[in-house]
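Residue numbers (the numbering used here), protein chains in the order written: chain L, 1 to 410; chain D, 1 to 410. For each residue, glycine too, the CB sits at the ideal point set by N, CA and C. Just so you know, these numbers come straight off a predicted model, no measurement behind them. See structure below.
Protein chains: 2
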Amino acid sequence: MIVEVLNVGTELLLGEVVNTHAGWLAKQIFPLGLRLSRQTTVPDGPAIRDGVWEAFDRADILIVTGGLGPTTDDITREVVAELLGRKLEASQEIRAAIESRLSARGYAFLDRMLRQTMVPQGATVLKNNHGTAPGLYFPSVSHPSSASPHIFLLPGPPRELQPMFRDSVLPVLREIARGLDSRECRIYRIVGLGESAVEQMVGLQLTSNPDIEVGYCARPNEVDFRLIARSEILDAVEPSLINALGKHLVSSSGEGIEANVVASLTARHLSLSTAESCTGGLLASRITDTPGSSRIFHRGFVTYSNEAKTDLLGVDPALLKQFGAVSEPVARAMAEGAREKAASTFALSVTGIAGPEGGSPEKPVGLVFMALAREGKETLCREARFATDRLTFKQLATQAALDMLRLELL
Amino acid sequence: MIVEVLNVGTELLLGEVVNTHAGWLAKQIFPLGLRLSRQTTVPDGPAIRDGVWEAFDRADILIVTGGLGPTTDDITREVVAELLGRKLEASQEIRAAIESRLSARGYAFLDRMLRQTMVPQGATVLKNNHGTAPGLYFPSVSHPSSASPHIFLLPGPPRELQPMFRDSVLPVLREIARGLDSRECRIYRIVGLGESAVEQMVGLQLTSNPDIEVGYCARPNEVDFRLIARSEILDAVEPSLINALGKHLVSSSGEGIEANVVASLTARHLSLSTAESCTGGLLASRITDTPGSSRIFHRGFVTYSNEAKTDLLGVDPALLKQFGAVSEPVARAMAEGAREKAASTFALSVTGIAGPEGGSPEKPVGLVFMALAREGKETLCREARFATDRLTFKQLATQAALDMLRLELL
Chain L
1 MIVEVLNVGT ELLLGEVVNT HAGWLAKQIF PLGLRLSRQT TVPDGPAIRD GVWEAFDRAD
61 ILIVTGGLGP TTDDITREVV AELLGRKLEA SQEIRAAIES RLSARGYAFL DRMLRQTMVP
121 QGATVLKNNH GTAPGLYFPS VSHPSSASPH IFLLPGPPRE LQPMFRDSVL PVLREIARGL
181 DSRECRIYRI VGLGESAVEQ MVGLQLTSNP DIEVGYCARP NEVDFRLIAR SEILDAVEPS
241 LINALGKHLV SSSGEGIEAN VVASLTARHL SLSTAESCTG GLLASRITDT PGSSRIFHRG
301 FVTYSNEAKT DLLGVDPALL KQFGAVSEPV ARAMAEGARE KAASTFALSV TGIAGPEGGS
361 PEKPVGLVFM ALAREGKETL CREARFATDR LTFKQLATQA ALDMLRLELL
Chain D
1 MIVEVLNVGT ELLLGEVVNT HAGWLAKQIF PLGLRLSRQT TVPDGPAIRD GVWEAFDRAD
61 ILIVTGGLGP TTDDITREVV AELLGRKLEA SQEIRAAIES RLSARGYAFL DRMLRQTMVP
121 QGATVLKNNH GTAPGLYFPS VSHPSSASPH IFLLPGPPRE LQPMFRDSVL PVLREIARGL
181 DSRECRIYRI VGLGESAVEQ MVGLQLTSNP DIEVGYCARP NEVDFRLIAR SEILDAVEPS
241 LINALGKHLV SSSGEGIEAN VVASLTARHL SLSTAESCTG GLLASRITDT PGSSRIFHRG
301 FVTYSNEAKT DLLGVDPALL KQFGAVSEPV ARAMAEGARE KAASTFALSV TGIAGPEGGS
361 PEKPVGLVFM ALAREGKETL CREARFATDR LTFKQLATQA ALDMLRLELL
């Protein structure tokens, strides 16, 4: 079965917004035995017609994203209705849903939103619980010599598209794809090993197996090792794989390090606090991204200035003066201070130079110290150098700090 | 001039890797007066042929990324040579460059790399200083009734593609695009208005102007309103646009609300601290995403538990008991406590229910109170309801809190 994605949006072709839809959709349809054959981006406006028209001849399933909004450049709905020869009719039900959504937020229904209430004949409405534009599904229609593809029109914003896809599109696709030879894709998230080291440790036994498709995806300080095969084959190889990866394996579900740490702490009724300088709250924010984190995380300190480190964490001003804020002794003192003030089992601290300013020959941009204070045990400290841009630095430093705790909890 | 990008790579269509090439290339060519008309992704292997062939008829400039590697499914070079009727010849110069690169890393030249040394007749080699596969440029060839597009073949890895593009492709494109009417793209970031309201307020006077291209990109609680036109036209319409948008306009450079607030505070030598419950550090992290934020932000408190609110911010336990942690009095007390403890000009607080757990009929998931404590002035408070997923909730709540401060600083 040939599946294509057509992304509509001038902002994608201007480079203003990165297209994350295609990849997200690819991952969703994979477990059904479906793979993306092609992805195309066209600008808002008449080019939508060419994109849809060309995919007609090739695709069994066509997923179109974007162009359903209320503004004049959003014409996906109209173009597809025209190509399929379907009349548009206003839906009172959609109008009522939009009005109730808007009034809950204190906005009025505007005339220009009327277009969003139009439904082409024969199309199924896909409810939008997170925005105004409903999605539309046109089932495949058979002609004497061919069949039109199944066509799904979905809204552009990811927070609208994703729940709609899960709730309304996946069940339909599951029916369409019924009987396909489905495979499972398992993603083993690995930290502290490069791609080639992963291959050396686990790849050889697997690449020689013709029933398993192996892939790698490397990101800053982590590798996703991907296996595609029938579930029973994956079940058979998984134990030796887990064994080979040892402490480098974060999860076998693609789940991140934050969720791993929160789950370990929760299961053992332990608690964590944070003391951050250069990461400015991101460490606490990553921890609290995990639902239920309030059970293990009660307070965090963002101590950007030296005074804050002394006032809030009790860091000795003499230490700051002698070693500087970006130093191992200060990282240790921050973690120990946070643990004491928060009365938590563990405390993580991070102090470093995120840049672009603030570096020196002795302490260049990217230098960072992380410490883990532990109840009744010596504080651990790690030094690293992440010479990159400010936001990647914050990501890498928080990742490394979380990994110290993950290893401690193994 | 029609410019297309063809991305080759199975990993892009599996969703393992997000395609950042198209957007990056779009931004590079825009200042030359060139825009991407279409972007297509095809998997490694024979589908490359279809992708290139179809673009032939449409494009004046075709940029192909990926498929230049040493493995058997990397056939971009061969496909384009065949389509253009060019013979391939081995280049001793490329071989020497690859060998010297490999030997510096202790690797041997493998037979399968021979393909990377093949150059189609009439193609210009684009040197790769960051990998083995060189790029290739085929200048447009005129035929009696038409012309083939200018074709650039570039390697897939961004750290190889980007320097090659800057060093070898941009100068050629600059010549090709010489004399084009180049335009400016201005992005007006707007908060507190929906897409349709923006169009109603500012769109009409602009959409009727044939010299201006208008676009919208909506995100949680913000809209980017995009104008593309000659600079003098933008200069002429900008004052009335700024006037119409009023306090909803965050910036006319696409700059976000964090950067706006940090810049305002810095210019006025004011300072800010934060007290966060449900946003768990994200507010502080967003502020510290902006370089130079250490001048205005010295400390932040992440007070997830009631005890933390009392210990760190001095929130009266009686308030917590009477009104609950998610309440206007507690939001006020948190902001005032943070401002006092941090001795800052302003303090922002957020307390709410991020979910998915912790909601009740009186205080449902998504309910949030934000307060802004001000020096010598009454504390402001705002209540909102962001009924969405946990991460979007954190984004919206921090956005709304930052906007209270932005408005205060207008």
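Contact between A236 (chain D) and S349 (chain D) does not hold, since their C-beta atoms are separated by about 43 Å, which reaches or exceeds 8 Å. Under DSSP, Y304 (chain L) shares a beta bridge with no residue. Beta-bridge partners assigned by DSSP to I151 (chain L): L:L62 and L:F138. The DSSP-derived three-state label of M404 (chain L) is helix. Here L136 (chain L) is near V125 (chain L), since their CB atoms are less than 8 Å apart.
The Cβ-Cβ distance between G156 (chain D) and G9 (chain D) falls below 8 Å. CA-CA distance, Q28 (chain L) to G337 (chain L), rounds to 45 Å. Around the C-beta of A90 (chain L), fewer than 16 other C-beta atoms lie within 10 Å, and the residue is accordingly described as exposed.
A Cβ-Cβ separation of about 38 Å leaves M201 (chain D) out of contact with L173 (chain D) under the 8 Å criterion. The C-beta distance from V42 (chain D) to R38 (chain L) rounds to 6 Å, short enough to meet the 8 Å contact threshold. Within the same chain, and ignoring the five residues on either side of F393 (chain D) in sequence, the residues whose Cβ sits closer than 7 Å to its Cβ are A354, G355, G366 and F386. For D224 (chain L), there is no enclosing alpha helix (DSSP H); the enclosing beta strand (DSSP E) has its first and last residue at E222 to A229. Interface annotation, G194 (chain D): in contact with chain L, CB-CB separation under 8 Å.
The continuous beta strand (DSSP E) containing S349 (chain L) extends over residues F346 to G352.
In the three-state DSSP reduction, F297 (chain D) falls in the strand class (E or B).
Chain order gives the chain D residues near Q39 (chain L) as N7, L12, L13, N19, Q39, T40, T41 and V42, where near means a beta carbon separation below 9 Å. Of all residues in the region 366-396 of chain D, the ones placed with a Cβ closer than 7 Å to any Cβ belonging to chain L are T388, R390, L391 and T392, in chain order. In the DSSP assignment, T76 (chain D) falls outside any beta strand (DSSP E) and within the unbroken alpha helix (DSSP H) covering T76 to L84. Inclusion of T40 (chain D) and G23 (chain D) in the CB contact set at 8 Å is not warranted, their separation being larger than that value. Boundaries of the alpha helix (DSSP H) around S285 (chain L): L282 to I287.
In the DSSP assignment, Q39 (chain D) falls outside any alpha helix (DSSP H) and within the unbroken beta strand (DSSP E) covering L36 to V42. About 7 Å separates the CB atoms of L14 (chain L) and F30 (chain D); that is less than 8 Å, so the two are in contact. The Cβ atoms of E213 (chain D) and A229 (chain D) lie closer than 8 Å to each other. Within the model, the alpha-carbon separation for L153 (chain D) versus H130 (chain D) is close to 16 Å. Excluding five sequence positions before and after H248 (chain L), the CB atoms of its chain that fall closer than 7 Å to its own CB belong to I190, V191, G192 and L193, given in chain order.
Excluding the 5 residues flanking it on each side, T398 (chain L) has same chain C-beta neighbours closer than 8 Å at T279, L282, L283, R286 and V350, in chain order.
About 4 Å separates the beta carbon of A133 (chain D) from that of L68 (chain D), a gap short enough to meet the 8 Å contact definition. For T124 (chain L), no alpha helix (DSSP H) run applies; the uninterrupted beta strand (DSSP E) run containing it begins and ends at T124 to L126, by DSSP. Around the beta carbon of N19 (chain D), a 10 Å sphere encloses 16 or more other beta carbons of the protein chains shown; the residue is thus reported as buried.
Boundaries for V315 (chain L): no alpha helix (DSSP H) harbours it, and the DSSP string shows neither H nor E there.
With a minimum length of 4 residues, the unbroken runs of alpha helix (DSSP H) contained wholly in the region 146-202 of chain D fall at 158-164, 170-176 and 195-198. No Cβ-Cβ contact shorter than 8 Å links V223 (chain L) with L402 (chain L). Counted as a single uninterrupted DSSP element, the beta strand (DSSP E) harbouring E276 (chain D) occupies residues L272 to E276. Scanning chain L for C-beta atoms nearer than 9 Å to the C-beta of E16 (chain D) yields G23, A26, K27, I187, G215, Y216, C217, D224 and R226, reported in chain order. For G215 (chain D), there is no enclosing alpha helix (DSSP H); the residue is found in the beta strand (DSSP E) stretching over E213 to R219. Judged by DSSP secondary structure, T20 (chain L) falls outside any beta strand (DSSP E); it is assigned neither H nor E.
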